[in-house]
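Numbering (my numbering), first residue to last: -19 to 339.
Right, dumping it as structure tokens:
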């Protein structure tokens, strides 16, 4: 049996350097457009035909299964994309789907159909939404109960809960909103090479605040300790969000030690180094695919249009798939809903109108 190249054999007690294609520097890719994959006209034709087939079958958006949405040529491209996410750089930007030709409901159905060929969608919020609109609702991300995806604020480097996060761009902002990614494995290597004194703290992990995503909705709800870099069966994966870690420490009543704060700061500082990060400006029709185990993403703040019909709008999918690397159960249980699971649907413990009053 061929050894999985992702299985490097490291552990917290015996870490190793990550020598994989997912350990890259942004400065090396800035002039390389091989990570931008054009969606071809024949792919659009397939998606259009699958859209009409699913509608003619009388299926609702999320009743559509992989079998109900046949896209053989584009499915092969999605399989190649998954291979790139798991064994390559860990990200792909697909470009060129003609979103302007479709009604909003049809775009959602097409996006859902694409997702069925990639993996299993997970709930992204307490409403149980499997496709979430990413738009500015006027919330204040400086407050722990306000999720950044519901604001126009700058979002610092972080990763999402599931194996994959996908973003389909329907409309861009008036200005700003640039997406920036970086390799979490490059950050790990930088620390391994130059600041090994921080590895023990990063392997031990931190309490993360849950900013409204937890099963109880209590304002001080935090996770168990989750490593920033988790070694499991020789595989490495990353979980990082500096705001959530610092907020979690305060809510858990366990302030970060000087060493722990320095370790978290080190990750955050390397993540925004110009040689490490890679920025991209979304265009309508782009789909960004990221492997959350190896990629951290962020966003600049943005100014939106006054006209609601022009405001920035992206659609997000959280997906798990069978070919993802093995993860430690506690590491994968970020939402306290089970390993690799999304947010548990429940009743709201707050009123959105009241949140806006504090924004």
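Note that beta-carbon positions come from the ideal geometry of N, C-alpha and C, so glycine has one too. Keep in mind it's a predicted model, so treat the numbers as computed, not measured.
The region 100 to 109 contacting the region 60 to 68, beta-carbon criterion three pairs below 8 Å: no
Rounded straight-line distance, which links the Cα of residue 200 to that of residue 28: 46 Å
Span of the beta strand (DSSP E) around residue 17: 16 to 18
Top-ranked residue by Cα proximity to residue 55, from 39, 84, 20: 20
Opening and closing residue of the beta strand (DSSP E) in which residue 203 lies: 202 to 206
Distance between residue 307 and residue 319 (C-alpha atoms, nearest Å): 8 Å
N- and C-terminal bounds of the alpha helix (DSSP H) containing residue -9: First-last for residue -9: undefined, no H or E at that position.
Range of the contiguous alpha helix (DSSP H) that encloses residue 309: 309 to 312
Cβ-based neighbour list, residue 84, same chain, cut-off 8 Å, excluding 5 preceding and 5 following: 150
Same chain only: Cβ atoms within 7 Å of residue 294, ignoring 5 sequence neighbours per side: 114, 147, 148, 149, 150
Test item: CB-CB of residue -13 and residue 214 under 7 Å: yes
Assigned exposure category for residue 95 - 16 Cβ within 10 Å defines buried: buried
Span of the alpha helix (DSSP H) around residue 209: First-last for residue 209: 209 to 212, but that is the beta strand (DSSP E), not the alpha helix (DSSP H).
Residue 191 versus 314, 6, 33, 23, residue with shortest Cα-Cα distance: 314
Assigned secondary structure, residue 137 (DSSP; H/G/I helix, E/B strand, else coil): strand
Proximity test, residue 324 beta-carbon vs the ligand GDP heavy atom, cut-off 6 Å: Inclusion of the ligand GDP in the displayed structure is not the case, the ligand content being empty and no account of it being possible.
Distance CB(residue 161)-CB(residue 277) smaller than 7 Å: yes
Coarse secondary structure for residue 65, derived from DSSP in three states: helix
Collapsed DSSP secondary structure at residue 102 in the structure displayed: coil
Counterpart residues of residue 160 in DSSP-defined beta bridges: 259, 278
Contacting residues, own chain, Cβ-Cβ under 6 Å from residue 236 (five flanking each side not counted): 229
Secondary structure, alpha helix (DSSP H): runs of 4+ residues fully inside the region -5 to 74: 6 to 9, 21 to 36, 52 to 67
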